[in-house]
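Undergrad:
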Amino acid sequence: MTRALRGIGVSPGVVCAPAFVVRWEFPDVPDRAVRPDQVDAEVRRLHEAVEYVVSHLTELGERVLQRAGPEESRIFDAQILMAQDRDFLASVETLIRNNQLSAETAYEFKALEFRNHWAGAARLRERLADLNAIQLRMLSHLMGRSAHELWSIPADEQVIVVAQEISPGLTVQLDREHVVGLVSEEGTRTAHAAILAHSLGIPAVMGAVGALAQIPGGTMLLLDGQSGTIILDPTRDELDDAKTQVSRRSRLELQLEAVVEAPAVTPDGREIQLMGNVDLPEEIEQAVRFGAQGVGLLRTEFLLTGRATLPTEDEQTDYFRRVASAFRDHPIVIRSYDLGGDKFPVAFKTSAEANPFLGWRSIRVCLDEPEVFRPQLRAVLRAAAGRDIRLMLPLVTLVEEVEEARAMMEEEAAALKAAGIRAAESVPVGVMIETPAAVLIADRLAEVSAFFSVGTNDLTQYTMAVDRGNARLADRFTPHHPSIVRQLQQVLAVGRAAGVPVSVCGEMASEALSAVLLIGLGYDQLSVSPPALPLVKWVVRTVPEPAARQAAESALSAASSSDVSEALRSVVGEYIDVRLLDPNSALPGRGRVATLPAGKPAS
1 MTRALRGIGV
11 SPGVVCAPAF
21 VVRWEFPDVP
31 DRAVRPDQVD
41 AEVRRLHEAV
51 EYVVSHLTEL
61 GERVLQRAGP
71 EESRIFDAQI
81 LMAQDRDFLA
91 SVETLIRNNQ
101 LSAETAYEFK
111 ALEFRNHWAG
121 AARLRERLAD
131 LNAIQLRMLS
141 HLMGRSAHEL
151 WSIPADEQVI
161 VVAQEISPGL
171 TVQLDREHVV
181 GLVSEEGTRT
191 AHAAILAHSL
201 GIPAVMGAVG
211 ALAQIPGGTM
221 LLLDGQSGTI
231 ILDPTRDELD
241 DAKTQVSRRS
251 RLELQLEAVV
261 EAPAVTPDGR
271 EIQLMGNVDL
281 PEEIEQAVRF
291 GAQGVGLLRT
301 EFLLTGRATL
311 PTEDEQTDYF
321 RRVASAFRDH
331 PIVIRSYDLG
341 GDKFPVAFKT
351 SAEANPFLGW
361 RSIRVCLDEP
371 EVFRPQLRAV
381 LRAAAGRDIR
391 LMLPLVTLVE
401 EVEEARAMME
411 EEAAALKAAG
421 IRAAESVPVG
431 VMIETPAAVL
441 IADRLAEVSA
451 FFSVGTNDLT
461 QYTMAVDRGN
471 ARLADRFTPH
481 HPSIVRQLQQ
491 VLAVGRAAGV
501 PVSVCGEMAS
511 EALSAVLLIG
521 LGYDQLSVSP
531 PALPLVKWVV
541 RTVPEPAARQ
551 AAESALSAAS
561 SSDVSEALRS
571 VVGEYIDVRL
581 LDPNSALPGR
591 GRVATLPAGK
601 PAS
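For what it's worth, the numbering used here labels the leading residue of the sequence shown as 1, then goes sequentially.
1) Give me, in chain order, the residues of the same chain whose beta-carbon lies closer than 7 Å to that of L256; leave out the 5 immediate sequence neighbours on both sides.
2) From the DSSP output, in three-state form, read off V427 for me.
3) Output yes or no for whether 7 Å exceeds the beta carbon distance between P572 and V500.
4) Is the beta carbon of L393 less than 7 Å from the beta carbon of A405?
5) Within 10 Å of its beta-carbon, does I272 have 16 or more other beta-carbons around it, so buried, or fewer, so exposed?
6) Which two residues bound the contiguous beta strand (DSSP E) that contains A229?
7) May I have the straight-line CA-CA distance separating E104 from E253, to the nearest angstrom?
8) Whole-angstrom Cβ separation of D388 and P331, contact assumed at under 8 Å?
9) Does DSSP put D31 in a helix, a strand or coil?
10) Please report the distance separating the alpha-carbon of A621 from that of V502.
11) Would you give the residue range spanned by the alpha helix (DSSP H) that F20 belongs to?
12) Please report how far the alpha carbon of V64 lies from the alpha carbon of G225, in whole angstroms.
13) Relative to the C-alpha of F452, which residue among T542, V402 and M143 is closest?
14) With contact counted as at least three CB pairs below 8 Å, one residue from each stretch, are the region 479-486 and the region 556-572 in contact?
15) Quick one: any contact between the region 237-252 and the region 505-514, if contact means 3 or more CB pairs under 8 Å?
16) Who are the near neighbours of Q525 in its chain, counting only those whose CB is closer than 6 Å to its CB and skipping five residues on each side?
17) Taking only runs of the alpha helix (DSSP H) that begin and end inside the region 432-458, which ones reach a length of at least 4 residues, in chain order?
18) Would you check if the distance between the CB atom of G201 and the CB atom of A194 is smaller than 7 Å?
19) In chain order, what residues of the same chain lie with their CB nearer than 7 Å to the CB of A211, ignoring the 5 residues before and after it?
20) Under a three-way DSSP split, which group does L587 fall into?
21) With I334 as the anchor, note down where its beta strand (DSSP E) starts and where it stops.
22) Tell me whether the beta-carbon of Q158 lies closer than 7 Å to the beta-carbon of A17.
23) Should I421 go down as buried or exposed, given a rule of 16 or more other Cβ atoms within 10 Å for buried?
24) I need the boundaries of the alpha helix (DSSP H) containing G318, first residue and last residue.
25) Could you pull the DSSP bridge partners for R6 from this structure?
26) Within a Cβ cutoff of 7 Å, which residues of the same chain sit near S11, ignoring the five residues on either side of it in sequence?
27) How would you label E412, buried or exposed, when you count the other beta carbons within 10 angstroms and need 16 or more for buried?
28) Suppose only complete runs of 3+ residues qualify. What are the beta strand (DSSP E) ranges in the region 455-510, listed by chain order?
29) If I measure Cβ to Cβ from V427 and keep anything under 8 Å in the same chain, skipping five residues before and after, which residues do I get?
Encoded structure:
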């Protein structure tokens, strides 16, 4: 039997508990016809079931609002809209009347049609997950099955739930006192369930291909929600090692708390500007508390999460002002909508694409949809009045894209001025460097850009031709590949020559060893996830700049990703315990190792 599985760590924490395997199986719906005089009753049953499901989803949304926040609760708004979809329900009703079918038979038939239509479209994964969740509830209600039949998690023990797919509705219903971890074969870091698991503090690994086949119910699991590692039937030594690492991590956290208020300066006096990446409003306070010197990446997609309508200009303005007020003396870099790939909100009605990550996304969507982009530009301009706010364009590959965006911003600035609305006359417009194409024309982009920020996630994805959400290729997705290291050096050199500031806002900056590499290459502006701010600052204050430069020089001459990683570990290891930093080696990350339940671990 496999001793370990690897997935995508989506919610940090280390836990150990027996597996509770849940198989998402729709009820076995018989093909049942009804008499003509029963058709009206079946239609009534259909609509009564919809009312029940909508009521239940509304209740879940209210619970999420209390436990997680308003943004997370919008996930259920999307499901409610889908459950009430008039066209879909009309097609089910037509099938009932024309073919004299039972409500559950007709509903399953139409849901199957939709699922087949959406299957294979990466950007529709979330909508497919929503459809699955709704279908399960509808069929269960129509067939007289209660949710309790599907979920019988023991209330008197701690378990790690293992499933093919974990829906947001399931996630929010989990009692974290009993469900201490989640494993799913499907899902990515951007999945709704992943966001909820993180918000609720439940360690989770998604994209663990083969988990259901390889993890029998009751198997003791050691789960690391940061590295994405799952060890089956851990040995006593592995458990002790995990506990040791968590203990070390706890001691390290005491050291991290001590540096929160300290400046990010290397032991030999080089200052590094550490800013925060903010996804959700809840992270603003955390970024401030951990000493972020501004926001290097303010993602705006959450404004669209689960909504049937676009956010208004006023709504966006208020949010941008709120963020800027929290970082009064520091810059705020707002990224325009980075839609597409697997992130298309309900508000967008788009057709499927064969290769969505190479398709209509990011700046391409913004430029093609001015009714979406222009209100955001106006909101940025209004919020920037009297504040240091900048705009960053994602996935730029053409100089013309920057020029067109800037022209639209100038038009909106002029319109606001003409209308007498208080707003900045302009804001600095920069670009994310996320593709080899952008790296190769960085000198031209510098002519039209106020700043660069390297997005290492997509740069790695497009350079290595590896889908970063594909768990099967997780080992090949590494920003330590020499091609990435050399591009990072090239972009910085071009920026310096042109007088354009260059920062890194990708996940690479949030990983301690990689942060040392970036500092060694010469970067002095990093934007990291708020939880990583203390650790990165501690590393900055611990590793001398000459050592960082030595590590970078070794990385630049390395032939492979493993050589780059080894060069970093070797140099940095002279100053700190790298076992606490490497996400793949020793089960690091904040969390806990739950008390070992009854049962003897494998020896």
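All residues carry an ideal CB built from backbone N, CA and C; glycine is no exception.
Since this is a predicted model, take the numbers as computed values, not measurements.
TA: In terms of the structure at hand:
1) P534, L535 and W538
2) Of the three classes helix, strand and coil, the one that applies to V427 here is coil, per DSSP.
3) It should be pointed out that residue 572 corresponds to Val in this sequence rather than to Pro. It is not a contact, given that the beta carbons lie outside the stated cut-off.
4) Yes, the Cβ-Cβ distance between L393 and A405 is below 7 Å.
5) So I272 ends up on the buried side.
6) The residue asked about is misnamed: residue 229 is Thr in this sequence, not Ala. Run containing T229: T229 to L232, per the beta strand (DSSP E) assignment.
7) 54 Å
8) 4 Å
9) coil
10) The chain is shown from 1 up to 603; residue 621 falls before or after that span and cannot be answered.
11) Premise fails: F20 lies in the beta strand (DSSP E), V14 to V22, not in any alpha helix (DSSP H).
12) The straight-line gap from Cα to Cα measures roughly 22 Å.
13) V402
14) yes
15) no
16) Q273 and S503
17) 436-440 and 442-446
18) no
19) L5, V162, V183 and E185
20) Because L587 sits at a pLDDT of 34, beneath the cut-off of 50, its placement in the model cannot be relied upon, and the following sentence gives the value as read from the coordinates. Correct three-state label for L587: coil.
21) I332 to R335
22) yes
23) I421 is exposed by the Cβ-count criterion.
24) Note on residue identity: the sequence assigns Asp, not Gly, to residue 318. Note, D318: alpha helix (DSSP H), E313 to A326.
25) T229
26) Taken in chain order, the residues that qualify are A194, A197, H198, I202, P203, A204 and G225.
27) buried
28) 502-504
29) V380, L381, A384, I389, R390, L391 and M409
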